[in-house]
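Right, one structure below, let's go through it.
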Amino acid sequence: MDKTTLDTIKAKAKEIRKLTIEEIGNLGSGHIGGAMSIADLLALLYYHKMKVDPSNPQWEGRDRLVVSKGHAGPVVYAALASRGYFPLDWLKTLNQGGTKLPSHCDRVLTPGIDMTAGSLGQGFSAAMGMALGLKMDGKPNRVYTVVGDGESDEGQVWEAGMFAAAKGLSNVTAFTDFNKQQLDGFVKDVLDIGDLSAKWKAFGWFTQEVNGHDIEELDRAIEAAAAQKDKPAMIVMNTIKGKGCNFAEGVEKNHSMAFNMEKAKEAIAALDAE
Ligand SMILES: Cc1ncc(C[n+]2csc(CCOP(=O)(O)OP(=O)(O)O)c2C)c(N)n1
Ligand SMILES: [Mg+2]
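Here it is as C-alpha cells:
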C-alpha cells in the first residue's frame, strides 16, 4: 500500500470515528465501544478493498459486508454516509422515530446494509449462506463479515464456521473483533473463548491474527485471505474497545454509554489533537 493511500484511509478512519461519536452524542446514548473498535477496518474496506458503488447500493457486482455484531450500526452508518451512500444529515436521525438508521443494522431500511443483524450469531450464519449462493452461481463477489468476540460465545457462530469450511467457501473473509470485552464485562470472565486463532484453524479456516488498528497489517491479511482457493478466511483482529473515544477507550463499562453533545465535542477535539 502506498503512503498516499495509507494516509487517506487513516484520515477516513478518523472521520468515521468523529461522525460516530457525534451521531451517538446527538442521540444521547448508544453502543460506542464496539463501534470504535472497527472504525479502521471499515475505512479500509469501504475506501480500498470492497467493490461497491454507493450510487447503486444494490449493484449485483458488489462485495457484501455483514456486520454480524449489529449493535455496531452507528459506525457502519458513519462509514456509509462518509462514502456517499446517503447524506451525512441522516446521522442526526439515529434510532429516532421514522429513521432509516435504527440502532441495529437493518437491510430493508438502510441503503448499503446487506444483512439485518442484532441477534448475535445470525448475521454470521447469513453471510455464509450468501457466500454459498454466490459460489453456486459462479459469481466472483466476496463476502466480508465481522463477528464480535462476545458474539463468538454463540454456538451458532461455530455451526456456521463448520459449514463454511465443509463447503469450501473461499469467497469469505471474516473478521473477529477481538476487543476482549462484551456487554457485561471481559470475555474471559463471561465465557472464556480461549485461543480463538487455534479454534478457527481447527475448524478448517485459513486463520491470521493481526493488530486491527494497523491498516497496513490488515490490508496484507485481507490480500492473503483473497488468495485462498479452498478455505474460508478468518482474520482475528486484536482491537481496543472504545478505541479513539477518550471517555470510552480503556474503560470497563464501555459497551453502551450515555453521553451528551458537549462530551462528544470534547472527544472529537481530543481526536483532532492526536
Ligand atoms: C442472541 C443475543 N443475545 C444477547 C444479545 C445482547 N447483546 C448485545 S451486544 C452483546 C455483547 C456482544 O459482545 P461482543 O460481540 O464482544 O461485542 P463488542 O465488544 O464488539 O461490542 C450482547 C450480549 C443479543 N443482541 N443477541
Ligand atoms: Mg467484544
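For the sequence shown, my numbering begins at 8 and goes up steadily by one. No residue lacks a Cβ here, since even glycine has one placed at the ideal position from N, Cα and C.
Contact criterion: CB-CB distance below 8 angstroms. Does V179 meet it with respect to chain B?
This model lacks chain B altogether, as it is built from one protein chain only.
Taking 8 angstroms as the threshold (C-beta atoms), are G251 and L278 in contact?
Their beta carbons are under 8 angstroms apart, which means L278 touches G251 by this criterion.
Every unbroken beta strand (DSSP E) within the region 39 to 109, with a cutoff of 3 residues, ordered by chain:
Listed in chain order, the complete beta strand (DSSP E) runs (minimum 3 residues) inside the region 39 to 109 are 71 to 74.
Do D196 and ligand 1 come close, with the Cβ less than 7 angstroms from some heavy atom?
Answer for D196: no, Cβ out of range of ligand 1.
Identity of the residue in K19, E29, I16, G41 nearest E259 by Cα
Of K19, E29, I16, G41, the residue nearest in Cα terms is G41.
Let me know if M143 comes out buried or exposed under the rule of 16 or more other beta-carbons within 10 Å of its beta-carbon.
With fewer than 16 Cβ atoms within 10 Å of its Cβ, M143 is classed as exposed.
Could you pull the start and end residues of the alpha helix (DSSP H) that T11 belongs to?
T11 -> alpha helix (DSSP H) spans 10 to 34.
Tell whether a beta-carbon distance below 8 angstroms holds between R71 and D113.
Cβ atoms of R71 and D113: not closer than 8 angstroms.
Looking at the unbroken beta strand (DSSP E) that takes in M241, where does it start and where does it end?
Unbroken beta strand (DSSP E) run through M241: 240 to 245.
Cβ-heavy atom distance between N186 and ligand 1 below 7 angstroms?
Yes, since a heavy atom of ligand 1 falls inside the 7 angstroms radius drawn around the Cβ of N186.
Tell me whether the region 194 to 212 and the region 220 to 233 touch, counting them as touching only if at least three CB pairs, one residue from each stretch, are closer than 8 angstroms.
With a cut-off of 8 angstroms on Cβ pairs, the region 194 to 212 is not in contact with the region 220 to 233, counting fewer than three such pairs.
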